[in-house]
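Novice: In terms of my numbering, the sequence shown opens at residue 8 and continues consecutively. We put the CB at the ideal spot given by N, CA and C, even for glycine. Sharing a structure below in structure tokens format, with a few things to ask.
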Amino acid sequence: MNWRFLVFLIFFTGMGYQGSSQATRMAERELYCANLYSKILGLHYSDPDGAAIYSDKFEKEFKHLITTQPATFKHPFSQLVDSNFCFIQTSPDKNLKIYSWDTWLGGTMHEFRTIYQWKHKGAVHSKMRPVNGDIGSYCSNIYNVVIAGKSYYLVITNAIFSNKDHSQTITAYTINGNQLEDKAAIFHTNGKVLSTISINFDFFSVVDRPERPLELIVYNESKHELYIPFVGKNDQVTQRRFIYRLTDKGFEYAGMQ
Numbered sequence: 008m009n010w011r012f013l014v015f016l017i018f019f020t021g022m023g024y025q026g027s028s029q030a031t032r033m034a035e036r037e038l039y040c041a042n043l044y045s046k047i048l049g050l051h052y053s054d055p056d057g058a059a060i061y062s063d064k065f066e067k068e069f070k071h072l073i074t075t076q077p078a079t080f081k082h083p084f085s086q087l088v089d090s091n092f093c094f095i096q097t098s099p100d101k102n103l104k105i106y107s108w109d110t111w112l113g114g115t116m117h118e119f120r121t122i123y124q125w126k127h128k129g130a131v132h133s134k135m136r137p138v139n140g141d142i143g144s145y146c147s148n149i150y151n152v153v154i155a156g157k158s159y160y161l162v163i164t165n166a167i168f169s170n171k172d173h174s175q176t177i178t179a180y181t182i183n184g185n186q187l188e189d190k191a192a193i194f195h196t197n198g199k200v201l202s203t204i205s206i207n208f209d210f211f212s213v214v215d216r217p218e219r220p221l222e223l224i225v226y227n228e229s230k231h232e233l234y235i236p237f238v239g240k241n242d243q244v245t246q247r248r249f250i251y252r253l254t255d256k257g258f259e260y261a262g263m264q
């Protein structure tokens, strides 16, 4: 056998083995995290203190996994997602990934944790939220838009304050090297330029809608229009909605429909 071909074969066989081994280790660590989370759910009602211990263990283990292993950026985490243990959303351009989960430390008010992970020039970065006592929210969608040649990420998040009181928010993010910034003021309305828009609403006014998570704030990519529902008296979500159209300056308020 030609010695050059033999070296080539050994090299690529070794690479394949390493890739497979890494995938196996990742799946094993994911399974460990899933087992921790299942214990939270199993103890949530019968032993809240025990559930809190496992919630803390899950957070530490999962955070360590995401923040120390760049390969997690491409890992699907299907065990956690399919079991509804974790919400994971990836931007259409594959540069931003958001992990969210319920800690089960609250009662009717749900406390969420979120890890933001992004890629810039081949390097993977991450950071965790919330901080300073924020109850947190979970990410249900990420839209991608380009304005004046720059990429923006429209992140939809959801907070649960009680069985009745919920909120949904859209926030514009940008990636600037190793920084993920959430102060991208691109929403123009009433003489103001905002980086985020929130609605507070009565969940029972939309409980009959079939989709989960709820799709209240929606970006129509074909029409380049952003829709924000009008919330009326007593926090009731109505059929009316505010329309923002994408221009070269950002999203301009275009009226109500």
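List the residues that DSSP assigns as beta-bridge partners of F302.
Specialist: Any property of residue 302 remains undetermined from this structure, which presents the chain solely from 8 to 264.
Novice: Secondary structure at A261, three-state DSSP: helix, strand or coil?
Specialist: Along the sequence shown, one-based indexing puts residue 261 at 254. It is a strand residue.
Novice: Buried or exposed: T121, going by 16 or more other Cβ atoms within 10 Å of its Cβ?
Specialist: Counted from its first residue, the sequence shown places residue 121 at position 114. When all chains shown are included, T121 counts as buried.
Novice: With three or more C-beta pairs closer than 8 Å as the rule, is the stretch 235 to 251 touching the stretch 201 to 218?
Specialist: Short answer: they touch.
Novice: What did DSSP end up calling P236 once you bin it into helix, strand or coil?
Specialist: Along the sequence shown, read from residue 1 onward, the residue named residue 236 stands at position 229. Strand.
Novice: Give the straight-line distance between the Cα atoms of G49 and M116, rounded to the nearest whole angstrom.
Specialist: Position 42 of the sequence shown, counting from 1, holds the residue named residue 49. Position 109 of the sequence shown, counting from 1, holds the residue named residue 116. So the alpha carbons of these two residues sit roughly 19 Å apart.
Novice: Report the start-end ranges of each alpha helix (DSSP H) in the stretch 40 to 102 that is 4 residues or longer and not cut off at the edges.
Specialist: With a minimum length of 4 residues, the continuous alpha helix (DSSP H) runs that stay inside the stretch 40 to 102 are 55 to 75, 85 to 89.
Novice: Nearest to Q186 by CA position, among G257, N170, Q124, is which residue?
Specialist: Walking along the sequence shown from the start, residue 186 turns up at place 179. Residue Q124 is the option with its Cα nearest to Q186.
Novice: List in chain order: all unbroken beta strand (DSSP E) runs of 3+ residues lying wholly within the stretch 192 to 224.
Specialist: For the stretch 192 to 224, whole beta strand (DSSP E) runs of length 3 or above, ordered along the chain, are 194 to 196, 199 to 201, 203 to 209.
Novice: If distances are taken between C-alpha atoms only, which option among K190, R216, G257 comes closest to G156?
Specialist: Taking the first residue of the sequence shown as position 1, residue 156 is located at position 149. Among K190, R216, G257, the Cα nearest to that of G156 belongs to G257.
Novice: What span of residues does the beta strand (DSSP E) with Q175 cover, start to end?
Specialist: Sequence index remark: in the sequence shown, residue 175 carries index 168 (1-based). Looking at the DSSP string, the run of the beta strand (DSSP E) that includes Q175 is 172 to 183.
Novice: In this structure, how does DSSP classify S28 when only helix, strand and coil are distinguished?
Specialist: Numbered from its first residue, the sequence shown carries residue 28 at position 21. DSSP places S28 in helix when its eight states are reduced to three.
Novice: Which residue wins for smallest C-alpha separation from R252, given the options E222, F194, R216?
Specialist: Position 245 of the sequence shown, counting from 1, holds the residue named residue 252. Among E222, F194, R216, the Cα nearest to that of R252 belongs to F194.
Novice: Put E35 into one of helix, strand or coil per three-state DSSP.
Specialist: Here residue 35 corresponds to residue number 28 of the sequence shown, with the count starting at 1. Reduced to three states, the DSSP call for E35 is helix.
Novice: Could you give the C-beta distance for C146 and F94, rounded to a whole number, given that I count them as a contact under 8 Å?
Specialist: For this step, residue 146 is matched to residue 139 along the sequence shown. For this step, residue 94 is matched to residue 87 along the sequence shown. Right, the Cβ-Cβ distance comes to about 6 Å (below 8 Å), so this counts as a contact.
Novice: Can you say whether D109 is buried or exposed, counting buried as having 16 or more other CB atoms within 10 angstroms of its CB?
Specialist: Within the sequence shown, the letter at position 102 stands for residue 109. Its Cβ being crowded by 16 or more others within 10 Å, D109 is buried.
Novice: Let me confirm a value: K101 is counted as buried when at least 16 other C-beta atoms fall within 10 Å, else exposed. Which label applies?
Specialist: On the sequence shown, residue 101 is found 94 positions in, with the first residue counted as 1. Label assigned to K101: exposed.
Novice: What are the partner residues of E188, as DSSP defines its beta bridges?
Specialist: The residue you call residue 188 lines up with position 181 of the sequence shown. E188 is bridged to T181.
Novice: May I have the straight-line CA-CA distance separating L201 from Q175, to the nearest angstrom?
Specialist: Here residue 201 corresponds to residue number 194 of the sequence shown, with the count starting at 1. Here residue 175 corresponds to residue number 168 of the sequence shown, with the count starting at 1. The alpha-carbon atoms of L201 and Q175 are separated by roughly 16 Å.
Novice: Please classify T164 as buried or exposed, where buried requires at least 16 other C-beta atoms within 10 Å of its C-beta.
Specialist: On the sequence shown, residue 164 is found 157 positions in, with the first residue counted as 1. Buried is the call here.
Novice: How is the beta strand (DSSP E) around S147 delimited, first residue to last?
Specialist: Residue mapping note: residue 147 aligns to position 140 of the sequence shown, counting from 1. Unbroken beta strand (DSSP E) run through S147: 145 to 154.
Novice: What's the call for T31, buried or exposed, on a 16-neighbour Cβ count within 10 Å?
Specialist: Taking the first residue of the sequence shown as 1, we reach residue 31 at position 24. So T31 ends up on the exposed side.
Novice: Between which two residues does the beta strand (DSSP E) holding S229 run?
Specialist: Position 222 of the sequence shown holds residue 229. Run containing S229: none; DSSP gives neither H nor E here.
Novice: Quick check on the DSSP output: the beta strand (DSSP E) that includes S169 runs from which residue to which?
Specialist: Walking along the sequence shown from the start, residue 169 turns up at place 162. No beta strand (DSSP E) contains S169, which DSSP labels as neither H nor E.
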